[in-house]
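Since the structure comes first, as C-alpha cells, the remarks are kept for the end.
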Amino acid sequence: MPPLPFLLRSLYRYYYQIPSPHFYFLHRTMAASSAAVEPISPSNTRLGWIGTGVMGRSMCAHLINAGYTLTVFNRTLSKAQPLVDMGASLAQTPRELAAQSDVVFSIVGYPSDVRQVLLDPTDGALSGLRPGGILVDMTTSEPSLAVEISAAASSKNCSSIDAPVSGGDRGAKNGTLAIFAGGVEAVVNRLNPIFSLMGKVNYMGPSGKGQFAKLANQITIASTMVGLVEGIVYAHKAGLNVPSFLDAISTGAAGSKSLDLYGTRILKRDFDPGFFVNHFVKDLGICLKECQNMGLALPGLALAQQLYLSLKAHGEGNLGTQALILALERLNNVTLDS
Numbered sequence: 003m004p005p006l007p008f009l010l011r012s013l014y015r016y017y018y019q020i021p022s023p024h025f026y027f028l029h030r031t032m033a034a035s036s037a038a039v040e041p042i043s044p045s046n047t048r049l050g051w052i053g054t055g056v057m058g059r060s061m062c063a064h065l066i067n068a069g070y071t072l073t074v075f076n077r078t079l080s081k082a083q084p085l086v087d088m089g090a091s092l093a094q095t096p097r098e099l100a101a102q103s104d105v106v107f108s109i110v111g112y113p114s115d116v117r118q119v120l121l122d123p124t125d126g127a128l129s130g131l132r133p134g135g136i137l138v139d140m141t142t143s144e145p146s147l148a149v150e151i152s153a154a155a156s157s158k159n160c161s162s163i164d165a166p167v168s169g170g171d172r173g174a175k176n177g178t179l180a181i182f183a184g185g186v187e188a189v190v191n192r193l194n195p196i197f198s199l200m201g202k203v204n205y206m207g208p209s210g211k212g213q214f215a216k217l218a219n220q221i222t223i224a225s226t227m228v229g230l231v232e233g234i235v236y237a238h239k240a241g242l243n244v245p246s247f248l249d250a251i252s253t254g255a256a257g258s259k260s261l262d263l264y265g266t267r268i269l270k271r272d273f274d275p276g277f278f279v280n281h282f283v284k285d286l287g288i289c290l291k292e293c294q295n296m297g298l299a300l301p302g303l304a305l306a307q308q309l310y311l312s313l314k315a316h317g318e319g320n321l322g323t324q325a326l327i328l329a330l331e332r333l334n335n336v337t338l339d340s
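Residue numbers for the sequence shown follow the numbering used here, so the first one is 3 and each next one is one higher.
Listed below in C-alpha cells is the structure:
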C-alpha cells in the first residue's frame, strides 16, 4: 500500500486540479520535441553572423531583408556598420553573439580565425551557444578542423555544419551562391530556409565533406583562371581584338563562369576583390596539403598556386583573383592596355 503522505498529496492535487511534477516534465519534453521539428523562420529563429567582409556583408543583408533578427560581430567595426544601419545588433565578442542566437554563421579569413571565433574557450561562439544551437562555418577551411568543430559542438549538445560557398561577391549580392554542406543531413535540411536566401545548398556528406567539395571547386577554378588569362595574353599577342575574342568564345566550349565573372573586369583593369588573392593562396595551400595526405599529384594546382604566390610576393595579395593577368603579363613582358 502506498505511504499515507503520497496518498494525501495525490488527493490534494486531484481535488484542486494541480498537475503532478510528471505532467510538467512531460509537457516540457513535448514542447522541446515540438520546437525541434518546427520549421525555421524569422519568427522563431535568432541568427548570429561572424565576419562581415566582402562576402558576409551581402549574405547578411539577405537575412535582414527576409525579416530575421540578426546579431553581428566583426573585428573591424566599420565593416559591420552598414548592417547595424539596416537593423542588426552588434556584439562585442563571438560568445556574446552566440548567447543571443539559435544559429551562428561564420565566414572569416583563415583556419586560425575559425578556431579563434568558434572554439576559443573564453570568447568563442561555442562557449556561449545554448544546447540545441547550431554552428555553420562558411569559411573555406581545413576538413579536419570541420570535424573537430563538429565533435566539440556535439559535446555541448549542439550541431555544426561546414558550408563553404562559391560564387564570389556577385553570387553573394545576388543570392546565387553554391553552398557545399557537410554534417548531419537532417540539420542541413532544417537550415534550408536560411540557405535558400543565399543560394543553393548541396549536401556533400558528413562533417568535413563540405570543405573537401569546396577545395575541389578551388582546384577547378585555379586551372580555369590560368587558362583564361593565358588565352587572353595569347589573343593580345596575336593581334586579335581581345573583347571580341572573349565574346566569341563565351558561347563555345571555352565558356565558363570564370570568363563570365572576370573577363570584362580583366580588360577594364578592375582588380577589386570579389575574392582576395591572399585567401585564394590560402585555399590552394590547403588543397596541396590534402593532396600530400592523399598521395595525389595535381600539377595544374601546383602551377596555379605558384602564380598566385607571385602576386602576393609583388604586394598584390589584396587584389581580386582576376589579377592573375598581372603575373602572366610580367612573365611575357606585355601589357594588355598597350
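In this text, a Cβ means the ideal position worked out from N, Cα and C, and glycines have one as well.
Remember, it's a predicted structure, so these values are computed and weren't measured experimentally.
{"Check": "Counting C-beta neighbours from all protein chains within 10 Å, is the total for residue 139 16 or more, i.e. buried, or is it exposed?", "Outcome": "buried"}
{"Check": "Could you have a look at residue 46 and say whether DSSP puts it in helix, strand or coil?", "Outcome": "coil"}
{"Check": "Does the region 303-313 touch the region 250-257, meaning 3 or more C-beta pairs lie closer than 8 Å?", "Outcome": "no"}
{"Check": "Relative to the C-alpha of residue 236, which residue among 335, 303, 64, 89 is closest?", "Outcome": "335"}
{"Check": "Using only CA atoms, which one of 304, 274, 129 lies nearest to residue 283?", "Outcome": "304"}
{"Check": "Residues bridged to residue 183 by DSSP?", "Outcome": "205"}
{"Check": "Near residue 323, what residues of its chain come up, given a Cβ to Cβ distance below 7 Å and the 5 sequence neighbours on each side ignored?", "Outcome": "227, 277, 279, 282"}
{"Check": "Is the separation between the beta-carbon of residue 44 and that of residue 70 shorter than 9 Å?", "Outcome": "yes"}
{"Check": "Taking the alpha carbon of residue 102 as the point to measure from, which residue in 291, 286, 127, 233 has its own alpha carbon closest?", "Outcome": "127"}
{"Check": "Do the CB positions of residue 170 and residue 225 come within less than 9 Å of each other?", "Outcome": "no"}
{"Check": "Three-state secondary structure (DSSP) at residue 126?", "Outcome": "coil"}
{"Check": "State the DSSP-derived secondary structure class of residue 193, mapped to helix, strand or coil.", "Outcome": "coil"}
{"Check": "The alpha helix (DSSP H) with residue 283 in it runs from where to where?", "Outcome": "279-296"}
{"Check": "Assign residue 137 to one of three DSSP states: helix, strand, or coil.", "Outcome": "strand"}
{"Check": "From the DSSP secondary-structure annotation, give me the bridge partner or partners of residue 339.", "Outcome": "None; residue 339 has no bridge partner."}
{"Check": "On a Cα-Cα basis, can you pick out the residue from 262, 107, 100 that is closest to residue 133?", "Outcome": "100"}
{"Check": "At the level of alpha carbons, what is the spacing between residue 212 and residue 131?", "Outcome": "22 Å"}
{"Check": "Using only CA atoms, which one of 244, 167, 242 lies nearest to residue 202?", "Outcome": "167"}
{"Check": "Quick one, are the C-beta atoms of residue 91 and residue 74 less than 9 Å apart?", "Outcome": "yes"}
{"Check": "To the nearest angstrom, how far is the alpha carbon of residue 155 from that of residue 145?", "Outcome": "15 Å"}
{"Check": "What is the rounded straight-line gap between the Cα of residue 233 and the Cα of residue 141?", "Outcome": "31 Å"}
{"Check": "Tell me whether the beta-carbon of residue 200 lies closer than 9 Å to the beta-carbon of residue 223.", "Outcome": "no"}
{"Check": "Return helix, strand or coil for residue 103, following the three-state DSSP convention.", "Outcome": "coil"}
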